[in-house]
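> Going letter by letter, the sequence shown gives residues 63 to 389 in our numbering. Just so you know, even glycine gets a beta-carbon here, dropped at the ideal spot from N, CA and C. Please read through the structure below; I'll follow up with questions.
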Amino acid sequence: MRIVLCFPVTEKHIQQIQAAAPNAEVVNAGQERIDEMLPTADIFIGHAKVPVDWDRVLEANRLQWIQSSAAGLDHCLVPGVIDSDIPVSSASGLFAPQVAEQTFSLLFGLLRSLPLFFRAEAKRDFTRLPTDDLRGKTVGIVGLGGNGRMISRVLAPWDVRIVATDYYPVDKPDEVDELLPADQLDDLLAVSDIVILTLPLNASTQGLFDKERISKMRRGSYLINVARGSVVIESALVDALASGHLAGAGLDVTEVEPLAETSLLWDDPKVIITPHVGAQSYRRVDDTVDMACVNLKRFQAGKPVYNRVDKQLGFPHPSVIWRGETE
């Protein structure tokens with residue numbers, strides 16, 4: 063059995079994976095060799111950020127399982143993989159604490175007018191400017207997976223009302239006041255002062271927040287996107303900010319990455335932009351390898367792996383999300 067890796071592992075991580083599968087050959091392909099090596103893999107662990115010839119992989123008829131090192135699966139859920147029998151597992155929820163911290167950084171930055179204060183600071187202008195409050199707001203979370211649930215937990219003590227939508231509106235956390243099915247998104251938008259996007263990118267969410275959808279958000283509300291940039295149409299967002307329909311936007315992701323230097327979002331004082339760093343953590347690779355090794359042992363033992371996704375939807379059912387189990 064050959065296990066092909068494609069994420070920034072070190073020698074200690076390779077040894078840890080080898081210990082979890084002592085009879086396997088572990089190959090660290092990296093981004094440089096992943097297209098070459100993937101057709102020879104029985105198991106793929108990682109995230110290919112370069113083009114991969116998936117047709118060649120499928121023609122080899124060798125790949126038995128994909129364990130993504132990312133929560134988003136657009137890098138591997140190509141039509142051929144979706145239609146195949148190859149199971150795919152994600153890293154859904156693994157970086158939820160970091161994504162929650164990033165969400166709060168963007169949200170509080172907007173509420174407390176930090177873009178305006180940073181501009182004033184650069185000019186040595188010590189002038190009080192208006193700010194907003196989180197307390198008393200209704201927060202809508204679009205996509206109550208691992209990240210959405212962690213954000214709701216962190217939000218709960220702030221005296222807010224939390225409404226969420228999800229494809230699997232089950233097991234409502236106590237801190238969520240109302241959990242709606244995904245097709246009631248417009249009902250969430252109608253009551254939310256803050257809308258946080260934590261949903262996956264798939265055929266049904268691509269461009270979901272277009273001009274029409276954004277117009278259904280409350281006037282003066284805020285949009286935070288820590289999901290995938292392509293969920294929001296940039297031109298529609300720019301227009302909503304310019305008209306004052308939206309009070310602000312916090313974006314860790316953008317429709318096209320990197321964001322074009324000519325984008326009007328850069329100079330808008332109602333916008334905070336970070337370059338897709340929500341899941342960054344000094345423990346990211348360690349945590350990824352820990353989870354991958356648990357799943358690797360389960361896969362070899364014929365047990366169901368954690369975070370196995372519905373390939374049509376691109377994310378796992380809440381009941382199978384890994385929550386730190388060791389076996």
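Find the nearest neighbour of Thr267 within the set Ala252, Ala289, Ile107, Ser152, judged by alpha-carbon distance.
Ala289
> How far does the alpha helix (DSSP H) with Thr350 in it reach, from first residue to last?
Per DSSP, Thr350 belongs to the alpha helix (DSSP H) from 346 to 362.
> Taking the alpha carbon of Arg223 as the point to measure from, which residue in Val232, Val238, Leu299, Val140 has its own alpha carbon closest?
Checked all of Val232, Val238, Leu299, Val140; the closest Cα to Arg223 is Val238.
> Can you pull the DSSP bridge partners for Thr227?
Val204, Leu242
> Assuming the contact rule is C-beta atoms closer than 8 angstroms, Met353 and Trp384 should be a hit. Round their C-beta distance to whole Å, please.
So it is a contact: roughly 5 angstroms between Cβ atoms.
> Would you be able to state if there are at least three C-beta pairs under 8 angstroms between the region 94 to 111 and the region 121 to 133?
yes
> Give the DSSP bridge partners of Ala311, in chain order.
Leu285, Val333
> Going by CA-CA distance only, name the one from Lys199, Ile203, Ala265 that's closest to Gln246.
Ile203
> How far does the alpha helix (DSSP H) with Leu169 in it extend, from its first residue to its last?
158 to 173
> For Lys332 versus Ile256, is the C-beta spacing smaller than 7 angstroms?
no
> Measuring CB to CB, does Ser214 end up less than 7 angstroms from Pro235?
yes
> Going by other Cβ atoms of all chains shown within 10 Å of its Cβ, with 16 needed for buried, is Phe188 buried or exposed?
The residue is exposed, with fewer than 16 neighbouring Cβ atoms inside 10 Å.
> Are the Cβ atoms of Ala82 and Lys365 separated by less than 7 angstroms?
no
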